[in-house]
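Engineer: Mapping of the sequence shown onto our numbering: residues 8 to 125, in sequence order. Note that the Cβ used here is the ideal one computed from N, Cα and C, for glycine as well. Keep in mind the model is a prediction, meaning the values are calculated, not measured. My questions will all concern the structure given below.
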Amino acid sequence: QVQLVESGGGLVQAGGSLRLSCAASGSAFSLRDSGWYRQALGKQREWVATITSGGRTNYADSVKGRFTISRDNAKNTIYLQMNSLKPEDTAVYYCKLERYWGDRRDYWGQGTQVTVSS
Numbered sequence: 008q009v010q011l012v013e014s015g016g017g018l019v020q021a022g023g024s025l026r027l028s029c030a031a032s033g034s035a036f037s038l039r040d041s042g043w044y045r046q047a048l049g050k051q052r053e054w055v056a057t058i059t060s061g062g063r064t065n066y067a068d069s070v071k072g073r074f075t076i077s078r079d080n081a082k083n084t085i086y087l088q089m090n091s092l093k094p095e096d097t098a099v100y101y102c103k104l105e106r107y108w109g110d111r112r113d114y115w116g117q118g119t120q121v122t123v124s125s
């Protein structure tokens, strides 16, 4: 069973930075694509960024140039470096481990709150 544990959220002023981490246990981590999503209060969950098993990255337009997704396969961990934060980045952030040929299930973390004050 795969478990994802997120950390690094908190309260920061606009223009500040935070780094989120998502540690995965148990399952072919290096073979899976992974990503970050967020959900603001009263809104639907939205995609933020993806990193493939091969290290290619892709970003939502709203965070491009400010956020960086990365992974450390030796540590089974995904990161999201968030710079130049804006109040509209306030949300619960979730990491996701994608299905692959050996396991057709996706896995989600429990979420970590990021609050950006103006």
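Which residue from Lys82, Arg78, Trp108 puts its Cα closest to that of Gln88?
Structural biologist: Arg78
Engineer: Using the C-alpha atoms, what's the distance from Val70 back to Gln120?
Structural biologist: 17 angstroms
Engineer: If you draw a straight line from the C-alpha of Trp108 to the C-alpha of Val19, how long is it?
Structural biologist: 39 angstroms
Engineer: For a test of the three-state rule: what should DSSP assign to Ser37, helix, strand or coil?
Structural biologist: helix
Engineer: Within 10 Å of its beta-carbon, does Glu13 have 16 or more other beta-carbons around it, so buried, or fewer, so exposed?
Structural biologist: buried
Engineer: Select from Arg111, Ser124, Lys50 the residue whose C-alpha is nearest the C-alpha of Ile39.
Structural biologist: For the sequence presented, residue 39 should be read as Arg rather than Ile. Looking at the Cα atoms, Arg111 is the closest of the given residues.
Engineer: Helix, strand or coil for Glu95, going by three-state DSSP, please let me know.
Structural biologist: helix
Engineer: In this structure, what does DSSP give as the bridge partners for Thr57?
Structural biologist: Its beta-bridge partners are Gly42, Asn65.
Engineer: Does DSSP classify Ser77 as helix, strand or coil?
Structural biologist: strand
Engineer: Ser37: which of Cys102, Thr84, Val99 sits nearest, CA to CA?
Structural biologist: It is Thr84 whose Cα lies nearest to the Cα of Ser37.
Engineer: Just the C-alpha distance for Glu53 and Gly15, rounded to the nearest angstrom, thanks.
Structural biologist: 19 angstroms
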